[in-house]
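Asks: Be aware that the sequence shown starts at 228, since it is given in our numbering, and climbs by one per residue.
We put the CB at the ideal spot given by N, CA and C, even for glycine.
I'd like to ask some things about the structure below.
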Amino acid sequence: VDDLSKPFKMMAEDYYIHMHNVFKQERPNAESPRWQALSPAYAAWKAKHYPGRKIVTRTGYLRAAATTPGVSGNVTNVGKTELSLGITVPYAIHHQKGTLRMPARKIIELSQEMKLRWIQILHKYLYEQRREALERNSL
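Structural data, given as C-alpha coordinates:
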(Lines of atoms letter the chains of each structure in order from A and count residues from 1; the text may use other names and numbers.)
(Lines give C-alpha, C1' and ligand atoms only; values in the text may rest on other atoms or scores of the structure.)
Protein backbone atom coordinates (compact mmCIF):
# COMPACT_ATOMS: atom_id res chain seq x y z
CA VAL A 1 0.00 0.00 0.00
CA ASP A 2 1.52 3.29 -1.14
CA ASP A 3 -1.01 5.70 0.36
CA LEU A 4 -2.02 5.62 4.02
CA SER A 5 -3.52 9.11 4.06
CA LYS A 6 -7.08 7.79 4.53
CA PRO A 7 -6.40 5.98 7.83
CA PHE A 8 -4.06 8.79 8.89
CA LYS A 9 -6.94 11.28 8.45
CA MET A 10 -9.12 9.05 10.64
CA MET A 11 -6.37 8.92 13.25
CA ALA A 12 -6.02 12.71 13.15
CA GLU A 13 -9.78 13.11 13.70
CA ASP A 14 -9.53 10.76 16.69
CA TYR A 15 -6.56 12.75 18.00
CA TYR A 16 -8.46 16.05 17.97
CA ILE A 17 -11.46 14.52 19.73
CA HIS A 18 -8.98 13.25 22.30
CA MET A 19 -7.27 16.65 22.64
CA HIS A 20 -10.59 18.38 23.34
CA ASN A 21 -11.12 15.83 26.12
CA VAL A 22 -7.63 16.51 27.53
CA PHE A 23 -8.59 20.10 28.29
CA LYS A 24 -12.12 19.19 29.36
CA GLN A 25 -10.93 16.49 31.81
CA GLU A 26 -7.70 18.30 32.77
CA ARG A 27 -5.47 15.28 32.21
CA PRO A 28 -3.70 13.76 29.20
CA ASN A 29 -5.83 10.61 29.15
CA ALA A 30 -8.15 8.53 31.30
CA GLU A 31 -5.21 6.43 32.52
CA SER A 32 -3.41 9.46 34.00
CA PRO A 33 -4.11 11.54 37.10
CA ARG A 34 -5.70 14.98 36.76
CA TRP A 35 -3.39 17.96 36.45
CA GLN A 36 -2.08 19.29 39.72
CA ALA A 37 -3.98 22.33 41.01
CA LEU A 38 -2.47 25.78 40.64
CA SER A 39 -0.62 27.19 43.61
CA PRO A 40 -2.91 29.38 45.75
CA ALA A 41 -0.94 32.53 44.87
CA TYR A 42 -1.01 31.89 41.13
CA ALA A 43 -4.66 30.80 41.24
CA ALA A 44 -5.57 34.13 42.89
CA TRP A 45 -3.53 36.10 40.34
CA LYS A 46 -5.05 34.18 37.43
CA ALA A 47 -8.60 34.62 38.76
CA LYS A 48 -8.02 38.39 38.87
CA HIS A 49 -6.34 38.75 35.46
CA TYR A 50 -7.93 35.87 33.50
CA PRO A 51 -11.26 35.20 35.23
CA GLY A 52 -12.96 31.94 34.34
CA ARG A 53 -9.95 30.47 32.56
CA LYS A 54 -9.25 26.87 33.41
CA ILE A 55 -5.94 25.32 34.32
CA VAL A 56 -3.37 25.27 31.45
CA THR A 57 -5.44 27.95 29.70
CA ARG A 58 -4.56 31.61 30.09
CA THR A 59 -5.02 33.21 26.66
CA GLY A 60 -6.34 30.12 24.85
CA TYR A 61 -3.47 30.02 22.35
CA LEU A 62 -2.07 26.69 23.57
CA ARG A 63 -5.51 25.13 23.85
CA ALA A 64 -6.44 26.22 20.32
CA ALA A 65 -3.14 24.93 18.91
CA ALA A 66 -3.67 21.58 20.62
CA THR A 67 -7.31 21.14 19.59
CA THR A 68 -7.78 22.88 16.24
CA PRO A 69 -6.06 21.85 13.01
CA GLY A 70 -4.71 24.70 10.93
CA VAL A 71 -4.46 27.39 13.61
CA SER A 72 -1.22 29.06 14.60
CA GLY A 73 0.98 26.72 16.64
CA ASN A 74 -0.77 23.57 15.42
CA VAL A 75 0.95 20.75 13.57
CA THR A 76 -1.25 18.60 11.35
CA ASN A 77 0.60 16.92 8.50
CA VAL A 78 -1.17 14.02 6.83
CA GLY A 79 0.85 12.46 4.06
CA LYS A 80 0.80 9.22 2.14
CA THR A 81 3.37 7.56 4.40
CA GLU A 82 3.64 9.90 7.37
CA LEU A 83 1.41 11.48 10.00
CA SER A 84 2.57 14.33 12.24
CA LEU A 85 0.33 15.81 14.92
CA GLY A 86 1.32 18.21 17.66
CA ILE A 87 1.93 21.77 18.72
CA THR A 88 4.74 24.29 18.25
CA VAL A 89 3.70 26.74 20.96
CA PRO A 90 7.06 27.57 22.58
CA TYR A 91 5.88 27.32 26.19
CA ALA A 92 3.99 24.03 25.71
CA ILE A 93 7.12 22.13 26.72
CA HIS A 94 7.00 23.77 30.14
CA HIS A 95 3.52 22.35 30.73
CA GLN A 96 4.51 18.97 29.31
CA LYS A 97 7.69 18.52 31.35
CA GLY A 98 7.30 21.01 34.19
CA THR A 99 9.83 23.53 35.46
CA LEU A 100 11.50 24.29 38.77
CA ARG A 101 8.48 26.44 39.69
CA MET A 102 5.68 24.56 37.91
CA PRO A 103 4.71 20.89 38.02
CA ALA A 104 4.33 18.99 34.76
CA ARG A 105 0.81 19.04 33.41
CA LYS A 106 1.11 16.79 30.39
CA ILE A 107 -0.97 17.74 27.40
CA ILE A 108 0.08 15.07 24.92
CA GLU A 109 0.31 11.50 26.13
CA LEU A 110 -1.31 8.79 24.07
CA SER A 111 -3.18 6.20 26.10
CA GLN A 112 -2.97 2.48 25.44
CA GLU A 113 -6.62 2.67 24.39
CA MET A 114 -5.85 5.31 21.78
CA LYS A 115 -2.84 3.39 20.47
CA LEU A 116 -5.04 0.32 20.12
CA ARG A 117 -7.70 2.32 18.23
CA TRP A 118 -5.05 3.58 15.83
CA ILE A 119 -3.69 0.07 15.28
CA GLN A 120 -7.25 -1.09 14.57
CA ILE A 121 -7.78 1.76 12.08
CA LEU A 122 -4.60 0.80 10.21
CA HIS A 123 -5.34 -2.92 10.39
CA LYS A 124 -8.86 -2.47 9.02
CA TYR A 125 -7.62 -0.24 6.20
CA LEU A 126 -4.80 -2.60 5.22
CA TYR A 127 -7.14 -5.60 5.39
CA GLU A 128 -9.65 -3.84 3.10
CA GLN A 129 -6.91 -2.86 0.66
CA ARG A 130 -5.63 -6.43 0.53
CA ARG A 131 -9.15 -7.81 0.03
CA GLU A 132 -9.83 -5.34 -2.80
CA ALA A 133 -6.51 -6.20 -4.47
CA LEU A 134 -7.30 -9.91 -4.32
CA GLU A 135 -10.74 -9.32 -5.81
CA ARG A 136 -9.24 -7.26 -8.64
CA ASN A 137 -6.67 -9.95 -9.38
CA SER A 138 -9.25 -12.73 -9.39
CA LEU A 139 -11.33 -11.07 -12.12
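Kindly list the residues whose CB is nearer than 6 Å to the CB of Gln263, restricted to its own chain and excluding five residues on each side of it in sequence; keep chain order.
Replies: Along the sequence shown, read from residue 1 onward, the residue named residue 263 stands at position 36. Excluding residues within five positions, the ones whose Cβ falls inside 6 Å are Pro330.
Asks: Return the residue from the list Glu309, Leu312, Arg328 and Asp230 that minimises the CA-CA distance to Leu265.
Replies: For the purposes of this step, residue 265 is taken as the residue at position 38 of the sequence shown. Looking at the Cα atoms, Arg328 is the closest of the given residues.
Asks: Ignoring anything shorter than 4 residues or poking outside the stretch 275 to 299, list the alpha helix (DSSP H) runs there in chain order.
Replies: As far as the stretch 275 to 299 is concerned, its whole alpha helix (DSSP H) runs of at least 4 residues are 288 to 294.
Asks: Report the option in Arg290, Glu340 and Thr284 whose CA atom is closest to the CA atom of Ile314.
Replies: The sequence position of residue 314 within the sequence shown is 87, counting from 1. Checking every option, the nearest Cα to that of Ile314 belongs to Arg290.
Asks: Could you pull the start and end residues of the beta strand (DSSP E) that Ser365 belongs to?
Replies: On the sequence shown, position 138 is the one that residue 365 refers to. Element bounds for Ser365: not the beta strand (DSSP E) but the alpha helix (DSSP H), Gln339 to Ser365.
Asks: Name the two residues that bound the continuous alpha helix (DSSP H) containing Ile244.
Replies: Counted from its first residue, the sequence shown places residue 244 at position 17. Where Ile244 is concerned, the enclosing alpha helix (DSSP H) stretches over Ser232 to Gln252.
Asks: Quick one, which of Tyr352, Ile334, Gln347 and Ile348 has its alpha-carbon nearest Ala257's?
Replies: Counting from one through the sequence shown, the residue named residue 257 turns up at place 30. Out of Tyr352, Ile334, Gln347 and Ile348, Ile334 has the C-alpha closest to the C-alpha of Ala257.
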